[in-house]
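Residue numbers (my numbering), protein chains in the order written: chain A, 1 to 344; chain B, 1 to 204; chain C, 1 to 88.
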Amino acid sequence: MRGGGSALQPIAPADGPPAVVGMIPEELIAPGPDRLYRLVDRVLGNVLDELSQPALNERWGCYIATTKGDIEALGSADPDRVRLPYLADHIQRKAGFAKRPWIISNACASGTSAIAVAGAAIARGHIDHAILLGVDLLSRFVLRGFQALHAVSEAPCTPFDAARDGTSLGEACAAVVLTNDPHILPNKLGTFLSGSIAHDANHISGPSRTGEGLVRAIHGACNKAQITASDIHAINAHGTGTDYNDGMESIAFERCELSAVPMSGYKGWFGHTLGAAGVLETILALEALNNGWVLRNEGLVNVGVPGKVNALLKDERASGDLLLKTSSGFGGCNAAILLQAWKA
Amino acid sequence: MEGMRILSTTTYRNGRFTVDGKELASSTGDIDQDLTNAWAAMKVELPRFVRMDRNSKLVSIAAAPFFTAEGIITKYPKDRIGMVIMGTHGSMETDQRYLDQLLAENHASPGLFVYTLPNIAMGELSIQHGLHGSGLCLLSEAPDVGQLRDACEILLRDHDMEAVICGWANIFAGSAVATFMVVTTGKEGNWDNDELERIFNEHG
Amino acid sequence: MSTDNITTLRQDLKAQIISHLNLEGRTVESIADDMPLFDEGLGLDSIDVLELIVLMDKHYGVRIADPKQGREVFQSVATMADHIQANR
Numbered sequence: 001m002r003g004g005g006s007a008l009q010p011i012a013p014a015d016g017p018p019a020v021v022g023m024i025p026e027e028l029i030a031p032g033p034d035r036l037y038r039l040v041d042r043v044l045g046n047v048l049d050e051l052s053q054p055a056l057n058e059r060w061g062c063y064i065a066t067t068k069g070d071i072e073a074l075g076s077a078d079p080d081r082v083r084l085p086y087l088a089d090h091i092q093r094k095a096g097f098a099k100r101p102w103i104i105s106n107a108c109a110s111g112t113s114a115i116a117v118a119g120a121a122i123a124r125g126h127i128d129h130a131i132l133l134g135v136d137l138l139s140r141f142v143l144r145g146f147q148a149l150h151a152v153s154e155a156p157c158t159p160f161d162a163a164r165d166g167t168s169l170g171e172a173c174a175a176v177v178l179t180n181d182p183h184i185l186p187n188k189l190g191t192f193l194s195g196s197i198a199h200d201a202n203h204i205s206g207p208s209r210t211g212e213g214l215v216r217a218i219h220g221a222c223n224k225a226q227i228t229a230s231d232i233h234a235i236n237a238h239g240t241g242t243d244y245n246d247g248m249e250s251i252a253f254e255r256c257e258l259s260a261v262p263m264s265g266y267k268g269w270f271g272h273t274l275g276a277a278g279v280l281e282t283i284l285a286l287e288a289l290n291n292g293w294v295l296r297n298e299g300l301v302n303v304g305v306p307g308k309v310n311a312l313l314k315d316e317r318a319s320g321d322l323l324l325k326t327s328s329g330f331g332g333c334n335a336a337i338l339l340q341a342w343k344a
Numbered sequence: 001m002e003g004m005r006i007l008s009t010t011t012y013r014n015g016r017f018t019v020d021g022k023e024l025a026s027s028t029g030d031i032d033q034d035l036t037n038a039w040a041a042m043k044v045e046l047p048r049f050v051r052m053d054r055n056s057k058l059v060s061i062a063a064a065p066f067f068t069a070e071g072i073i074t075k076y077p078k079d080r081i082g083m084v085i086m087g088t089h090g091s092m093e094t095d096q097r098y099l100d101q102l103l104a105e106n107h108a109s110p111g112l113f114v115y116t117l118p119n120i121a122m123g124e125l126s127i128q129h130g131l132h133g134s135g136l137c138l139l140s141e142a143p144d145v146g147q148l149r150d151a152c153e154i155l156l157r158d159h160d161m162e163a164v165i166c167g168w169a170n171i172f173a174g175s176a177v178a179t180f181m182v183v184t185t186g187k188e189g190n191w192d193n194d195e196l197e198r199i200f201n202e203h204g
Numbered sequence: 001m002s003t004d005n006i007t008t009l010r011q012d013l014k015a016q017i018i019s020h021l022n023l024e025g026r027t028v029e030s031i032a033d034d035m036p037l038f039d040e041g042l043g044l045d046s047i048d049v050l051e052l053i054v055l056m057d058k059h060y061g062v063r064i065a066d067p068k069q070g071r072e073v074f075q076s077v078a079t080m081a082d083h084i085q086a087n088r
């Protein structure tokens with residue numbers, strides 16, 4: 001991301017397979033009915049290897065964030081797999097969790113919502129550790145739906161740009177481990193401080209123009225962590241590239257006095273990964289901060305949003321370690337989490 | 001002793017609709033007529049209702065008694081009312097309708113597509129009643145009282161909600177079941193895992 | 001164009017709208033020609049505009065390229081009928 005440009009490519013003609021965007025190994029992403037499970041199993045396997053295969057007893061929680069799961073199985077010979085609990089069951093058995101996994105499906109705010117919940121569960125003492133996995137795949141089901149809403153851009157999406165014309169869909173599986181015992185983690189990304197979720201109560205697919213839900217979520221997270229806007233060093237936004245979403249976010253950020261904070265959304269690099277977005281983007285934003293950077297908005301040329309924001313056109317040296325991550329989704333759901341980078 | 005307190009409960013079992021044990025509507029055997037009857041029993045003016053998918057109608061019905069003039073939840077500020085809604089099939093019924101039309105007519109209906117997410121019913125509920133609070137849409141093979149309890153506790157204590165509409169709602173393959181509660185914290189908690197397990201799994 | 005044809009088009013449109021948007025319980029008679037389709041009136045929203053654009057295209061062969069243009073065209077059954085006549 002520091003050295004390269006967007007990985008987004010035009011999708012193949014209607015009946016072709018989805019284009020490979022180059023970040024996921026070919027053998028995992030090749031078409032086939034078990035595509036979702038190959039990807040999930042690999043990511044889960046990687047996480048468990050890194051943790052040296054711990055016994056996943058009652059003190060371990062599992063949180064799965066997804067919007068559509070195995071939606072391509074709908075209409076197939078095995079429609080049972082479409083049920084999201086089927087995926088949870090697969091993960092529980094594969095990993096060996098004693099506790100039944102949670103499945104959190106808050107539309108495009110699923111990943112960030114799940115982090116907020118897992119963090120709170122550990123803070124409350126419900127559990128000591130959690131493995132949190134976000135996943136969603138590219139599908140004709142979703143693509144055709146977004147196209148019907150006129151929400152898909154012609155070229156790779158350009159969040160916060162004056163000429164933005166929609167989002168680009170991506171796919172990803174991303175996982176993090178949360179724990180109250182840093183010794184079990186070989187590689188530390190950061191510290192979870194607080195999280196909050198709030199609703200727009202406006203329209204099921206159009207955000208509140210004044211950002212009612214997002215403002216409340218941001219305030220909720222800040223109040224909980226006892227920090228103010230001026231303490232925040234970087235914002236990783238939702239930034240889908242649609243007119244309404246990016247406009248709403250800019251207004252919410254301004255209302256929360258975050259106009260000066262270096263802000264970027266990552267979807268210009270790899271698109272909107274739906275349920276995985278909150279997890280994937282949090283990981284990468286923390287990793288950037290750990291390396292001393294706040295990354296740019298890939299593809300942004302002219303900032304064109306109603307609210308005053310500091311949308312980065314170039315990568316910038318980070319001035320500190322406090323990150324605000326926000327996500328918004330259909331149903332008017334907004335989630336905000338505050339994290340502190342580990343080695344900024 | 002401080003704890004989690006359930007203030008009110010509604011149940012919907014394939015048309016039989018009860019509020020704190022009192023029956024407001026009974027089953028006709030027709031899933032859509034049942035939803036219409038249960039809604040009519042609430043005497044709510046909401047033109048949007050007939051446009052919703054079945055999931056959203058079921059959730060709207062199950063929560064409606066809490067929001068009447070004498071409703072138990074009306075005394076709480078609208079940005080302090082949270083929602084935790086759990087089910088098995090999520091939006092699968094609407095997913096199938098959307099896909100059927102897509103395959104048969106090569107037309108992706110935007111009106112159907114917006115309902116193909118499990119949390120839209122929760123979104124509709126928040127719009128109806130102006131709720132700006134926290135919310136979680138959870139999926140599970142069967143009602144998981146432990147997860148519901150933990151979720152309510154997180155919303156009440158970490159997300160500063162004063163009351164949570166917590167429940168199970170599932171509509172799929174001709175079956176429509178919902179059990180909703182208003183949960184708060186207070187002196188003398190009455191949350192009983194076993195009792196709730198029984199209520200959630202009870203068939204009408 | 002004769003008055004009869006205009007009336008037929010408007011009636012046809014009303015039936016199409018009811019069926020296409022699943023407006024349960026709505027009858028053709030209950031939709032006045034100049035009744036506002038959005039907000040008060042029929043209570044349609046921005047998603048319905050997208051559906052109506054598809055309806056215009058598939059059933060009447062009239063394309064609307066930009067959803068933002070839709071709001072003017074879809075003010076009422078009367079404005080929709082006028083647009084169809086002008087562009088078909």
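We treat Cβ as the ideally placed atom computed from N, Cα and C, and that holds for glycine.
Burial state of residue i (16 or more Cβ within 10 Å)
i      : result
B/E188 : exposed
B/K75  : exposed
B/G90  : buried
A/E212 : buried
B/K57  : buried
B/T11  : buried
A/G22  : Bear in mind that a pLDDT of 49 at A/G22, under 50, signals an unreliable position, so the model cannot answer this.
C/E72  : exposed
A/R346 : No answer is possible for residue 346 of chain A: the residues shown for chain A start at 1 and end at 344.
B/G21  : exposed
Own chain, CB closer than 6 Å to residue i, minus 5 neighbours either side, in chain order
i      : result
B/P143 : W168, F200
B/M1   : Residue placement at B/M1 cannot be trusted, given a pLDDT of 49 that sits under 50; what the coordinates show is reported in the next sentence. Cβ neighbours of B/M1 beyond the five flanking positions: none.
B/E153 : none
B/L24  : F17, A41
B/M83  : M122, G135, I165
A/G320 : H233
CB-CB length for residue i against residue j, believed under 8 Å
i      : j      : result
B/E93  : B/N55  : 7 Å
A/F330 : A/A114 : About 16 Å; that fails the 8 Å criterion.
A/A175 : A/L138 : In fact, because the Cβ distance is near 19 Å, the residues do not count as touching under 8 Å.
A/A198 : B/S134 : 6 Å
A/A116 : A/S208 : Their Cβ separation, rounded to whole angstroms, is 20 Å, which puts A/A116 and A/S208 out of contact at 8 Å.
B/T116 : A/G332 : Incorrect: roughly 16 Å between the Cβ atoms, too far for contact.
B/S109 : A/A225 : Not confirmed; about 43 Å, so no contact.
A/H203 : B/I127 : 7 Å
B/I85  : B/M122 : 5 Å
A/G354 : A/S327 : Here chain A covers residues 1 to 344 and nothing more, so residue 354 of chain A does not appear.
A/D136 : A/T67  : 6 Å
Own chain residues within Cβ distance below 7 Å of residue i, not counting five before or after
i      : result
A/E257 : A229
C/R26  : I18
A/L193 : A225, L338, L339, Q340
C/V53  : Per the sequence shown, residue 53 of chain C should be read as Ile rather than Val. Excluding residues within five positions, the ones whose Cβ falls inside 7 Å are I64, P67, G70.
A/E298 : G5, S6, G268, W269
C/L50  : P67
B/F66  : S8, I72, I73, I165, V182
C/S76  : D33, D34, M35, P36, L37
Heavy atom of the ligand FAD within 7 Å of residue i beta-carbon
i     : result
A/G32 : Absent from the structure shown: the ligand FAD. Ligands present: none.
8 Å Cβ shell around residue i - same chain, five flanking residues per side excluded
i      : result
A/P79  : A73
B/E124 : R48, M52, S56, V59, S60
Q: Scan the stretch 113–125 of chain B for residues whose Cβ lies nearer than 8 Å to a Cβ of chain C and list them as they occur along the chain.
A: V114
Q: Compile a chain-ordered list of the residues in the stretch 129–154 of chain B whose CB is closer than 7 Å to at least one CB of chain A.
A: Of all residues in the stretch 129–154 of chain B, G130, L131, H132, G133, S134, G135, L136, C137, L138, L139, S140, E141, D144, Q147, D150, E153, I154 have a Cβ within less than 7 Å of some Cβ in chain A.
Q: Enumerate, from N- to C-terminal direction, the unbroken beta strand (DSSP E) stretches of 3 or more residues contained entirely within the stretch 199–253 of chain A.
A: 234–236
Q.
Could you tell me which whole alpha helix (DSSP H) segments of length 4 or greater appear in the stretch 76–160 of chain A?
A. 84–95, 110–124, 140–148
**Q.** Against chain C: residues of the stretch 29–44 of chain B by CB proximity under 8 Å
**A.** For the stretch 29–44 of chain B, which is checked against every Cβ of chain C, not one residue is closer than 8 Å.
Q. In the stretch 43–76 of chain B, which residue ranges form an unbroken alpha helix (DSSP H) of at least 4 residues, counting only runs that do not cross its ends?
A. 54–63
Q) Going along the chain, which residues of the stretch 203–215 of chain A sit with their C-beta nearer than 8 Å to a C-beta in chain B? A) H203, I204, S205, E212, G213
Q. Where are the beta strand (DSSP E) runs, 3 residues long or more, that stay fully inside the stretch 69–125 of chain B, in chain order?
A. 81–87
Q) Using Cβ-Cβ distances below 8 Å, what residues of the stretch 87–100 of chain B are close to chain A? A) T88, H89, G90, M92, D95, Q96, Y98, L99
Q: Anything in the stretch 150–162 of chain A with a Cβ closer than 9 Å to a Cβ of chain C? List those residues in chain order, please.
A: H150
Q) Just by C-beta distance, which residues in the stretch 246–260 of chain A are closer than 7 Å to chain B? A) Along the stretch 246–260 of chain A, there is no position whose C-beta sits under 7 Å from a C-beta of chain B.
Q. For the stretch 173–207 of chain A, which residues have a CB atom closer than 9 Å to at least one CB atom of chain C, in sequence order?
A. H203, I204, S205, G206
Q) Closer than 8 Å, Cβ to any Cβ of chain B: which residues of the stretch 89–110 of chain A, in chain order? A) D89, R100, W102, I103, I104, S105, N106, A107
Q. Got a sec: which bits of the stretch 171–203 of chain B sit with their beta carbon under 8 Å from any beta carbon on chain C, in order along the chain?
A. none
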